[in-house]
Each structure stands twice: as structure tokens, then as C-alpha cells.
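In what follows, a structure is listed as C-alpha cells, so that the remarks can point back to it.
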Amino acid sequence: MELQGEVLVVELRLDSETKMTEKPIIVTRHLSKIYKTESLETVALADVSIQINKGEFVAIMGPSGSGKSTLMHILGALDKPTQGEYILDGENVEKLSDDELADIRNRKIGFVFQAFNLLPRTTALKNVMLPMVYAGIPKEERLKIAQKYLTMVGLADRMNHTTNQISGGQQQRVAIARALCLNPAMILADEPTGNIASAQAEEIMDIFQKLNREGHTIVMITHEPDIAEHAQRIIHIKDGRIVLDSTSHKQRLINKK
Amino acid sequence: MIKKSIDYAEVLSEGIGTLTLNKTRTGLAILGIVIGIGSVIALVSLGQATQASISARIESLGSNLLTINPGAQNTGAVRGAAGSRTTLTLDDANAIANSPDITTINSVSPEFSRRTQIITGANNTNTQVVGVADTYTEVHKVAIDQGSFITQRDVAAINKVAVLGSQVVTDLFGAGANPIGQTIRISGKTFTIVGTTVSKGGTGFGNQDDIVYVPISTAQKELFGVNYLSSIALEAKSASVMTAAQDEVGYFLLTRHHLSDPTQADFSILSQQDILNTASATTSTFTSLLSGIAAISLLVGGIGIMNIMLVTVTERTREIGLRKALGAQKRNIIAQFLTESIILTFTGGIIGIFFGIAASYIISRLTSSGFVISPSSILLAFVVSAGIGILFGWYPAQRAANLQPIEALRYE
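Line by line, the protein sequences give chains H and Y.
The first sequence begins at 259 in the numbering used here and counts up by one.
The second sequence begins at 3 in the numbering used here and counts up by one.
Structure, rendered in C-alpha cells:
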């Protein structure tokens with residue numbers, strides 16, 4: 259078992275290395291974020307330069323207050339860096355207006371949040387269709403795509419359930435379907451297992467690994483080492499700086515197929 | 003960046019969905035607009051009904067009517083009340099009627115009136131006694147109910163006959179009684195009742211049913227001992243010659259009274275139109291006043307909508323943040339919140355229109371005035387309610403649209 263696992267890891271690593279030369283999804287150069295109040299300056303991020311390529315499954319790890327949430331906000335085009343450059347899928351994000359950022363988020367990033375962030379009292383279908391409404395996709399097509407992705411995450415029989423009628427794990431799967439519906443350049447998951455039971459957390463990791471095998475790029479923020487180990491590459495961040503960026507761990511694989 | 007089209011059908015159905023989640027709050031927000039729009043329609047229609055009924059009452063005094071009143075009495079520097087002079091006489095009236103120079107006048111009605119006590123048997127009443135000629139019915143559009151009116155012969159013979167208004171009949175003989183042939187006493191003189199008039203409606207001061215008509219000659223010589231008139235009413239041939247008639251009669255009387263200058267005139271001529279104009283000016287001021295009050299309640303309703311929308315924006319901060327994270331642009335968020343406030347005010351507007359119509363119907367019933375609904379006030383109410391939705395929804399929608407997605411997502 260273990261041996262097979264190791265072999266797979268090596269293969270995947272080789273795979274990602276070949277892709278690295280092909281297509282970077284995320285490139286940051288000397289990113290820093292400084293929060294200023296009247297009395298003090300807080301450095302949330304300092305000189306972060308990373309590159310994440312198409313098809314990678316990356317975990318960003320760090321204790322609370324390490325700056326990983328700030329990094330996630332910047333990578334998610336939800337916030338702008340104080341200094342440095344951020345190129346997302348070939349587009350420079352730093353000088354865009356609010357509306358242009360909204361458009362970038364809509365087209366290029368699929369968000370999965372810790373608190374699921376589904377619309378309350380709204381059906382799974384409608385939740386998945388929401389980003390497509392903003393993308394201007396016609397109604398019939400929205401419905402078809404939403405059904406396709408809900409079936410993919412195993413919720414074919416829960417499509418018309420409202421969010422308060424399904425479990426946390428199921429809600430997170432709805433959120434994943436929503437993240438996938440516009441075929442984004444990357445999936446950005448912020449503590450995706452933070453609010454759900456560990457058995458269901460495994461299911462979510464299983465889905466991520468399947469998606470990754472299909473070629474999706476996944477960036478996952480977490481503070482739990484055993485969740486992070488489901489990724490191929492782990493970036494450790496502390497006090498706003500990258501302290502370790504390695505692929506040397508043994509990736510935990512849930513389903514080897 | 004490509005501007006994406008907004009799916010308005012989706013925005014609308016989402017808005018309705020959101021508003022039906024909290025029915026009590028939605029209902030209360032709508033209520034403000036219902037009351038505002040309803041009161042605008044009800045009060046405007048009340049104003050217009052009043053205007054219409056006042057106009058109708060003035061027109062019922064006689065159409066194309068000109069009234070000559072004596073001027074004010076001047077004794078040295080003291081100017082008396084208008085109409086206190088005794089310069090108008092029966093001869094003036096006859097001269098106007100018979101002059102070949104006056105071509106615009108149909109008929110002339112000399113009148114002398116004074117309030118006095120009249121008695122019959124055990125009953126008595128204080129009423130207006132008017133000395134008239136046979137032309138009175140034509141000039142003032144008075145219709146006879148029973149018997150006949152004062153005739154030319156009655157005037158010539160100074161007969162002691164009287165025609166009673168319907169109110170006087172009720173006061174003296176009871177409602178619906180037939181007093182023809184009975185007698186009444188006016189200033190100690192006995193008069194035989196020869197007719198009654200059809201009710202003209204109207205109440206209070208100047209009630210045209212609370213009148214006793216006697217021949218003008220009898221009034222002047224037998225009752226009050228005067229030789230002048232309190233007024234001369236004229237009927238012009240048509241509404242278009244009113245001004246010409248006013249001038250013609252005016253210059254004729256100036257000549258008759260040996261006055262060279264119109265500023266010295268010892269009489270004044272007032273046309274029906276003058277009275278109507280004054281009355282409509284008054285009632286339209288009244289209508290504007292009512293509309294103003296109603297507009298204030300509409301404004302309060304609009305502020306209510308803004309308040310509800312601001313609360314909604316605060317409550318849904320997380321949702322707004324999520325929508326922005328998922329790609330909603332400012333205009334999407336603005337469209338969403340504006341749609342909600344317009345749905346609120348539009349629904350309120352429609353219900354308010356029905357309430358307003360119902361209320362004006364009830365008011366018209368209670369005040370027995372006409373039931374007037376002007377389409378323009380309904381249209382106005384509609385436009386205003388949608389406008390209020392946009393106006394008072396704009397600020398909360400802007401606030402929602404300008405929320406930063408991270409702040410909004412963090413909001414608890």
C-alpha cells in the first residue's frame with residue numbers, strides 16, 4: 259500500500275514539474291500587505307513570492323495570525339496588496355477597479371469557504387447557479403451546468419433541498435459545485451473542512467483529489483497538518499513570510515484511482 | 003472588460019422571494035406607501051369634488067347671470083358698506099329692459115330682499131323675503147313645484163301673494179305639505195300662498211330654499227316702505243357676450259345716473275364668472291393644501307422604505323459580500339436592492355390607489371358631494387410611488403454595492 263502511494267506521489271510530482279514550464283496560474287512577486295491604523299503598522303504579509311502552476315494541488319499552512327488569510331484574500335482578488343505584483347492566469351490584478359476584480363473572481367476563481375457561505379433558505383440548484391447569473395449565462399444553460407456539477411459532487415438527489423435541509427458536508431459539496439460551474443483557473447479553498455465532521459472532511463478531500471487528477475488547480479488554506487497533507491505541495495507561512503515550500507511529505511491519498 | 007447583461011427576470015424573482023421571507027416587515031413597509039398614495043388620491047378627489055359642487059351650486063344661481071349692486075354710501079370721508087346706497091330703482095330696471103341700445107340682455111329681474119320674521123298659526127320662522135318680478139324664475143332658473151310664481155299682474159296690482167321656498171314650507175307646514183291657498187303673516191300683513199319652488203339644494207348662508215318671494219311692488223310699498231332696489235339681476239343672451247353686456251349695461255346706467263366717469267359709479271356689476279373664478283381659486287387652494295398634507299405622508303412612507311432597506315442591507319452584509327466574491331459587480335447589487343424597494347413601493351402604490359378610490363367613494367357618500375376620481379392623480383400616484391422606490395432605495399443600494407467583499411464576508 260505504502261509503496262504504491264510513494265510511487266504515485268513521485269509520478270504526480272514529475273507531472274507537476276513538467277507543467278511548471280508550461281503554464282503558471284499564480285505568480286506573485288514581493289507581495290506585501292501592511293495594515294495601518296493611527297498608532298501602529300501591522301505587517302500581515304512581507305515579500306511573498308510564489309508561483310503555482312496549472313494542475314497543482316497546493317496547501318498554504320500556518321498558525322492563526324500568520325498572514326495566510328491575508329494571502330488568501332489577495333490570491334482570491336478580494337483584496338489588493340500594498341506592494342508587489344500579482345499575476346493571475348496571465349492577468350495583472352493589482353491595478354484593477356472593484357468591478358474588474360469582481361469579473362476576475364467570477365471567471366477565474368472558484369471559492370470554497372470555511373462557513374460554506376451558501377444563500378440561506380435557497381435551493382442547492384439556485385446556489386450553484388448564482389455565479390452563472392453574474393456571468394450572464396442564459397437560464398436554461400445555467401440549470402444544465404448546475405445539475406451536471408451537483409451530480410458530480412454526489413448531490414443529484416438533493417438539488418431542490420434548501421441549504422438548511424442538508425448537512426454541513428453536503429453544504430460544502432454544494433459550494434464546490436458552485437466553485438466549479440464556471441470552469442475557473444483555480445479553486446481557492448479557505449479552511450474547507452474547518453466546520454465539518456472529520457468523516458465528511460475526508461469526502462471533501464476525496465473530491466479535491468479527483469478534481470486535481472482531472473487537471474484542476476487547487477489552492478487550499480488550512481491550519482490542520484493532516485488536511486494539508488492531502489495536497490502535493492505545502493507552503494508554510496509564518497509572520498507574513500514563507501518559511502517552507504516543499505513537496506517532500508507523503509501525500510495522503512484517499513482514493514487511488 | 004465585457005459588461006454583462008443583467009438578467010432582470012432573475013433579479014425580480016429573487017427580489018420577490020426575499021421580500022416574502024419577512025412578511026410582517028414587508029407589510030409594514032408597504033403600509034407607509036399605501037397610506038401615502040391612498041391619502042393623495044382621496045384628498046385630491048375630495049378637493050375636486052368640493053370644487054365641482056361649489057361650481058355647480060354657483061351655476062345653479064342662474065347661467066349667464068350679471069348682478070348689479072348699488073355702490074357704497076359715502077358720507078363725507080366715511081365710506082359705508084357696499085350695497086348700502088339707494089341708487090338703484092325699479093325705473094333703472096325697467097329702463098334697462100326697455101332700452102333699444104341694450105342688445106345683449108335677455109331679461110331683467112329687479113329685486114329687493116330683507117330678512118324678516120314670518121308667521122303662520124303657531125309656527126314662525128326668520129327668513130329672507132325677496133320682492134321679485136315675474137322675470138325672476140327665468141334669470142335665476144327657479145322651478146315651480148306647486149301652484150304658480152309671482153305674475154306681472156301681481157306686481158302691477160300690488161297683490162299680497164307669496165311663493166315659498168321648500169325649506170320654508172318644511173319649517174312652517176311640515177315636509178311635503180301643500181300650503182297653496184293658506185296664508186302667512188309678514189310684518190303684520192297677511193299674504194296668500196300661491197306657489198312653492200322646487201328645492202335647489204344647498205345649506206347654510208344663502209340657502210336658496212329658505213326664501214319667501216313676494217311681488218316687488220308689494221315688498222317696496224306694503225312691507226318695507228322703500229323706493230329702491232337691493233339688486234338687479236340680468237340674464238345675458240349667452241356666455242360669450244357677458245363682458246359686452248357688462249359694459250353695455252354699465253355705460254347705460256352711468257348715463258342714466260348722470261355720471262361721466264366710471265370711477266364715480268354708484269353701482270357695481272358682478273358676473274357669474276367673477277364669482278365662479280373666485281370660488282375656484284379658493285377651492286383649488288384648498289385642493290393644493292390637501293395634496294400638500296398627503297404628499298407629506300407619502301414622504302414619510304418613502305423614508306419608511308429607506309429605513310427598511312437600510313436595515314436589510316446591514317442584515318445581509320454577509321450575503322452581499324458573498325455575492326461580490328462570486329462575481330457580482332456594483333450594478334448587480336444596486337439592481338438587486340433597487341428592485342426590492344421598487345417592488346415595495348409599486349405594490350404599495352397599487353394597493354394605495356384602491357384604498358384611495360374606496361376612501362374617496364366613502365367621503366363622497368358621507369358629504370353627499372360628487373364622486374370624482376381624476377386619472378391624472380392615479381397616474382401621478384403611480385409614477386410617484388415608483389419614483390420614491392428609486393429615490394429612497396438608491397442610498398441603501400449604493401451602500402450595499404460599495405461594501406468590500408472581505409469586510410462583508412467577515413461580518414458577523
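Where is the CB? At the ideal position from N, CA and C, for every residue including glycine.
In this text the structure is predicted, and so the values were computed from the model without any measurement.
Handout entry: Boundaries (first-last residue) of the beta strand (DSSP E) holding Asn364(H)
Key = Start at 1 with the first residue of the first sequence, and residue 364(H) comes out as number 106. Counting along the chain, Asn364(H) falls outside any beta strand (DSSP E), though it belongs to the alpha helix (DSSP H) covering 356 to 366.
Problem - Spatial distance of Ala135(Y) from Thr52(Y) (CA atoms) - result: The sequence position of residue 135(Y) within the second sequence is 133, counting from 1. The sequence position of residue 52(Y) within the second sequence is 50, counting from 1. Answer to the nearest angstrom: the Cα atoms are 33 Å apart.
Practice task
Following the continuous alpha helix (DSSP H) through His331(H), name the residue where it begins and the one where it ends.
Solution key: Residue mapping note: residue 331(H) aligns to position 73 of the first sequence, counting from 1. Where His331(H) is concerned, the enclosing alpha helix (DSSP H) stretches over 326 to 333.
Exercise for the section: Could you check what DSSP says for Ala294(H) in three-state terms: helix, strand or coil? Expected result: Here residue 294(H) refers to the residue found at position 36 of the first sequence. Here residue 294(H) turns out to be Lys, not Ala, going by the sequence shown. Three-state DSSP puts Lys294(H) in a strand.
Problem - According to DSSP, residues forming a beta bridge with Phe369(H) - result: As a working note, residue 369(H) is residue 111 in the first sequence. Beta-bridge pairing links Phe369(H) to Leu446(H).
Handout entry: Within 7 Å of chain Y by C-beta, residues of the stretch 329 to 345 of chain H in sequence order
Key = His331, Leu336, Asp337
Practice task
Can you pull the chain H residues whose beta carbon is under 7 Å from the beta carbon of Pro407(Y), in chain order?
Solution key: As a working mapping, residue 407(Y) is identified with position 405 in the second sequence. Per Cβ cutoff of 7 Å: Leu336.
Exercise for the section: With distances taken Cα to Cα, identify the nearest neighbour of Asn128(Y) among Arg116(Y), Thr137(Y), Leu21(Y). Expected result: Your numbering for residue 128(Y) matches position 126 in the second sequence. Ranking the options by Cα distance to Asn128(Y), first place goes to Arg116(Y).
Practice task
Output the boundary residues of the alpha helix (DSSP H) element that contains Lys25(Y).
Solution key: Taking the first residue of the second sequence as 1, we reach residue 25(Y) at position 23. 25 to 62 is the span of the alpha helix (DSSP H), which, as asked, contains Lys25(Y).
Handout entry: Inter-stretch contact (C-beta, 8 Å, three-pair minimum) for the stretch 446 to 456 of chain H and the stretch 282 to 292 of chain H
Key = no
Practice task
Give the interface partners of Gly306(Y) over in chain H, defined as CB-CB distance under 8 Å, in chain order.
Solution key: In the second sequence, the residue the question calls residue 306(Y) occupies position 304. Within chain H, no residue comes near Gly306(Y); the closest Cβ sits about 25 Å away, beyond 8 Å.
Exercise for the section: Would you identify the three-state DSSP class for Leu486(H), choosing helix, strand or coil? Expected result: Here the question's residue 486(H) lines up with position 228 in the first sequence. Checking the displayed sequence, the identity of residue 486(H) turns out to be Ala instead of Leu. It is helical.
Exercise for the section: Could you check if Arg412(Y) is buried or exposed, using at least 16 other CB atoms within 10 Å of its CB as the buried criterion? Expected result: Taking the second sequence and counting its residues from 1, one reaches residue 412(Y) at position 410. Answer is exposed; the Cβ neighbour count stays below 16.
Problem - Neighbourhood of Phe357(Y) by C-beta, 7 Å cutoff - its chain only, sequence neighbours within 5 removed - result: Sequence index remark: in the second sequence, residue 357(Y) carries index 355 (1-based). Here the set comprises Val36, Gly40.
Practice task
Compare the C-alpha of Tyr215(Y) against each of Glu113(Y), Glu140(Y), Pro398(Y) and name the closest.
Solution key: The residue labelled residue 215(Y) in the question sits at position 213 within the second sequence. Of the listed residues, the one whose Cα sits closest to Tyr215(Y) is Glu113(Y).
Handout entry: N- and C-terminal bounds of the alpha helix (DSSP H) containing Arg400(H)
Key = What you label residue 400(H) is simply residue 142 of the first sequence in a count that begins at 1. Residues 397 to 410.
Practice task
Tell me whether Phe348(Y) sits in a helix, a strand or coil according to DSSP, three-state version.
Solution key: Stepping through the second sequence from its first residue, residue 348(Y) is reached at position 346. The answer is helix: DSSP assigns Phe348(Y) an H, G or I state.
Practice task
Please name the residue in Leu67(Y), Ile353(Y), Thr319(Y), Leu328(Y) whose C-alpha comes closest to that of Glu409(Y).
Solution key: As a first step, residue 409(Y) must be located in the second sequence, where it is residue number 407. The shortest C-alpha separation from Glu409(Y) is found at Thr319(Y).
Problem - Residues near Thr285(Y) in its chain [Cβ-Cβ closer than 6 Å; skip 5 each side] - result: Your numbering for residue 285(Y) matches position 283 in the second sequence. If we look at Thr285(Y) and ignore the five residues flanking it on each side, its Cβ neighbours are Thr52, Gln53, Ile56.
Practice task
Figure out for me which residue from Gly313(H), Thr295(H), Leu298(H) has the closest Cα to the Cα of Lys468(H).
Solution key: Here the question's residue 468(H) lines up with position 210 in the first sequence. Cα-wise, what sits closest to Lys468(H) is Gly313(H).
Exercise for the section: Using a Cβ cut-off of 9 Å (strictly closer), state whether Ala356(H) contacts chain Y. Expected result: Looking up residue 356(H) in the first sequence gives position 98. One detail in the question is off: residue 356(H) reads as Asp in this sequence, not Ala. Closer than 9 Å: yes.
Handout entry: C-alpha gap between Leu270(H) and Ala443(H), whole angstroms
Key = Residue 270(H) sits at position 12 when you count from the first residue of the first sequence. Residue 443(H) sits at position 185 when you count from the first residue of the first sequence. With a pLDDT of only 45 at Leu270(H), under 50, the local geometry of the prediction cannot be trusted, and the value read off the model is given with reservation. Approximately 19 Å, taken between the alpha carbons.
Practice task
Find the nearest neighbour of Ala361(Y) within the set Tyr10(Y), Ala31(Y), Val42(Y), Gln406(Y), judged by alpha-carbon distance.
Solution key: Counting from 1 along the second sequence, the entry for residue 361(Y) is found at position 359. Comparing Cα positions, the closest option is Val42(Y).
Practice task
Check Leu423(H) in the structure and name its three-state DSSP category.
Solution key: The residue you call residue 423(H) lines up with position 165 of the first sequence. Correcting the residue type first, residue 423(H) is Gln in the shown sequence and not Leu. Three-state DSSP puts Gln423(H) in a helix.
Problem - Cut-off 6 Å between Cβ atoms - residues of its own chain near Gly206(Y), not counting five sequence neighbours on either side - result: Taking the first residue of the second sequence as position 1, residue 206(Y) is located at position 204. Per-residue confidence for Gly206(Y) stands at a pLDDT of 47, beneath the threshold of 50, marking its modelled position as unreliable; no derived number is given.
Handout entry: DSSP beta-bridge partners of Glu16(Y)
Key = Your numbering for residue 16(Y) matches position 14 in the second sequence. Answer is none; Glu16(Y) lacks a bridge partner.
Problem - Contact set for Asn180(Y): own chain, Cβ-Cβ below 7 Å, skip 5 residues either direction - result: Start at 1 with the first residue of the second sequence, and residue 180(Y) comes out as number 178. Counting only Cβ-Cβ distances below 7 Å, and skipping sequence neighbours, we find Gln148.
Practice task
Could you tell me the distance, in whole angstroms, from the CA atom of Leu231(Y) to the CA atom of Gly49(Y)?
Solution key: As a working note, residue 231(Y) is residue 229 in the second sequence. As a working note, residue 49(Y) is residue 47 in the second sequence. Going from the Cα of Leu231(Y) to the Cα of Gly49(Y) covers about 37 Å.
Exercise for the section: Output yes if chain Y places a C-beta closer than 9 Å to the C-beta of Pro450(H); else output no. Expected result: Start at 1 with the first residue of the first sequence, and residue 450(H) comes out as number 192. False, the Cβ-Cβ gap to chain Y never drops below 9 Å.
Problem - Under 8 Å from the C-beta of Leu23(Y): neighbouring residues of chain H - result: Along the second sequence, one-based indexing puts residue 23(Y) at 21. Near Leu23(Y) (Cβ distances below 8 Å), the residues of chain H are Arg379.
Problem - Proximity below 9 Å, CB of Ile322(Y) to CB of Ile335(Y) - result: For this step, residue 322(Y) is matched to residue 320 along the second sequence. For this step, residue 335(Y) is matched to residue 333 along the second sequence. Yes, Cβ-Cβ distance for Ile322(Y) and Ile335(Y) is below 9 Å.
Practice task
Using a Cβ cut-off of 9 Å (strictly closer), state whether Asn309(Y) contacts chain H.
Solution key: Reading the second sequence from its first residue, position 307 is the one you call residue 309(Y). It does not; no Cβ of chain H falls within 9 Å.
Exercise for the section: Using a Cβ-Cβ cut-off of 9 Å, state whether Leu328(Y) counts as contacting chain H. Expected result: In the second sequence, residue 328(Y) corresponds to position 326, counting from 1. Output row for Leu328(Y): interface = yes.
Handout entry: Residues near Ile344(Y) in its chain [Cβ-Cβ closer than 7 Å; skip 5 each side]
Key = Mapped onto the second sequence, residue 344(Y) falls at position 342. Correct list, in chain order: Ala388, Gly391, Ile392, Gly395.
Practice task
Starting from the C-beta of Thr89(Y), find all residues in its chain whose C-beta is less than 8 Å away, skip the five residues before and the five after it, and write them out in chain order.
Solution key: One-based indexing of the second sequence puts residue 89(Y) at position 87. So the list reads Pro72, Gly73, Tyr230, His259, Asp268, Phe269, once near-sequence residues are dropped.
Practice task
Count the C-beta pairs between the stretch 374 to 382 of chain H and the stretch 419 to 438 of chain H that are closer than 8 Å, then say yes if the count reaches three, no if not.
Solution key: yes
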